[in-house]
Amino acid sequence: MADMLKTKYQHDLCLHVEEINNLGHKVRKAFVALESEEKSAQSIGLF
Numbered sequence: 001m002a003d004m005l006k007t008k009y010q011h012d013l014c015l016h017v018e019e020i021n022n023l024g025h026k027v028r029k030a031f032v033a034l035e036s037e038e039k040s041a042q043s044i045g046l047f
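Numbering follows my numbering, in which position 41 of the sequence shown is assigned residue number 41; successive positions increment by one, without gaps.
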């Protein structure tokens, strides 16, 4: 999936590889943050 998004962004937005890698890093960090928030909510009984 990451490769598919990378290719799409390169062709559609004409971004450089460094910019795409930076975006990918930010997306991964966001998913990690969401997962940790979900686990915290589960541990206190919100889910």
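Note that the Cβ used here is the ideal one computed from N, Cα and C, for glycine as well.
{"query": "Helix or strand or just coil, what does DSSP make of leucine 15?", "result": "coil"}
{"query": "Give every residue of the same chain whose Cβ lies closer than 6 angstroms to the Cβ of histidine 25, excluding the five residues on either side of it in the sequence, and list them in chain order.", "result": "none"}
{"query": "How many Å lie between leucine 15 and leucine 5 at the Cα?", "result": "12 angstroms"}
{"query": "Would you kindly work out how many angstroms separate the C-alpha atoms of valine 17 and alanine 30, rounded to a whole number?", "result": "20 angstroms"}
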